[in-house]
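Report on one structure; see the data block that follows.
Numbering (our numbering), first residue to last: 4 to 130.
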């Protein structure tokens, strides 16, 4: 039997009007320390976003979401935050904020394959 490892994830959300607390799920970020895995996966469905809130700049939003990918990957291209250890980068990405791009609170679980789990959550909660 394969060993299951603890993981944490959060849903990446677009919140066009923070005061209304309405959101659209656009991605997932998943961290599994044991597997040394931190990755985010997102997709902007412009038709959905325009129906939800037609006043969004999808290009700018795409850039903000791309920063989640860069910070997850780590390294100098992700700036100062990208040079932190994996756990710290995950905590920074999932910190509570009042901006158009937010994350849900973090949720734990157990997985055998973190990449497979990320894709499964993405299909269940975003697509």
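Here a beta-carbon is modelled for each residue, glycine too, at the ideal position from N, C-alpha and C.
What you are looking at is a predicted structure, and each value in this text was computed from that prediction instead of being measured.
Burial state of residue i, where buried means 16 or more other Cβ atoms lie within 10 Å
| i | result |
| --- | --- |
| residue 127 | exposed |
| residue 98 | exposed |
| residue 21 | exposed |
| residue 65 | exposed |
| residue 61 | exposed |
Beta-carbon spacing of residue i, residue j below 8 Å
| i | j | result |
| --- | --- | --- |
| residue 92 | residue 103 | no |
| residue 107 | residue 13 | yes |
| residue 33 | residue 124 | yes |
| residue 36 | residue 81 | no |
| residue 115 | residue 39 | no |
Residues near residue i in its chain [Cβ-Cβ closer than 7 Å; skip 5 each side]
| i | result |
| --- | --- |
| residue 27 | 16, 17, 51, 52 and 55 |
Own chain partners of residue i with C-beta closer than 8 Å, once the 5 adjacent residues on each side are dropped
| i | result |
| --- | --- |
| residue 86 | 77, 78 and 79 |
Residue i in three-state terms, based on DSSP
| i | result |
| --- | --- |
| residue 43 | strand |
Residue from the options whose Cα sits closest to the Cα of residue i
| i | options | result |
| --- | --- | --- |
| residue 46 | 39, 35 and 67 | 67 |
| residue 24 | 105, 130, 7 and 120 | 105 |
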